[in-house]
Amino acid sequence: MIDIGLSKMALIGAVALIVIGPEKLPRVARTVGTLLGKAQRYVADVKAEVNRSMELDELRKMKDSVESAARDVEQSIHAGASDLQKGLDDTVAGLESAAGGGRTDAAGLGFDSSSSVVPAYSHPGKNWRLKRGAVPRWYKARAGVRTHVQSGAARVARFRPKKFH
């Protein structure tokens, strides 16, 4: 910032001591220090704002390039999809003409899509409330796995040592 050596600082201090006087010198030095600190903070804020604006410009440029790349990819995907759709349409048309003009479903399996026969619903017979575990109950009992909910007080009472008379 300002290149001031030790000898120049001593000269400035001596002149200030003579001009201002020894009583007011500490207050003036404090005021000068405060003003110098405010100036340094202001310069730092300006530098930070300039850096932020430069980073924002770089981010905007990067965002624009990514968006243009995404648009290009989207257009190429749409072009490929339309080519694929045309190829599928041609293939389906060829299959229909080879099958004798009968109607087929979209998968080309030969089912008549105009039939209105719908299979009847049958209940699967599952009871979702019934828990079916893969571990047998005898193993759980032997291993001490908890199968029932028990309060803390009941658990303490269950495992409390018995009194011998």
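My numbering puts the last residue of the sequence shown at 169; the count rises by one with no breaks.
No residue lacks a Cβ here, since even glycine has one placed at the ideal position from N, Cα and C.
| Query | Result |
| --- | --- |
| Beta-carbon gap between A20 and L10 smaller than 8 Å | no |
| H82, DSSP secondary structure in three states | helix |
| For A138 and P128, the rounded distance between their alpha carbons | 20 Å |
| Local conformation of S101 per DSSP, three classes | helix |
| Whole-angstrom C-beta distance between I24 and V32, which should lie under 8 Å | 6 Å |
| Simplified DSSP state of N55, which is helix, strand or coil | helix |
| Minimum Cβ-Cβ distance from V23 to chain B less than 8 Å | Judged by its chain identifiers, the structure shown contains no chain B, having just a single protein chain. |
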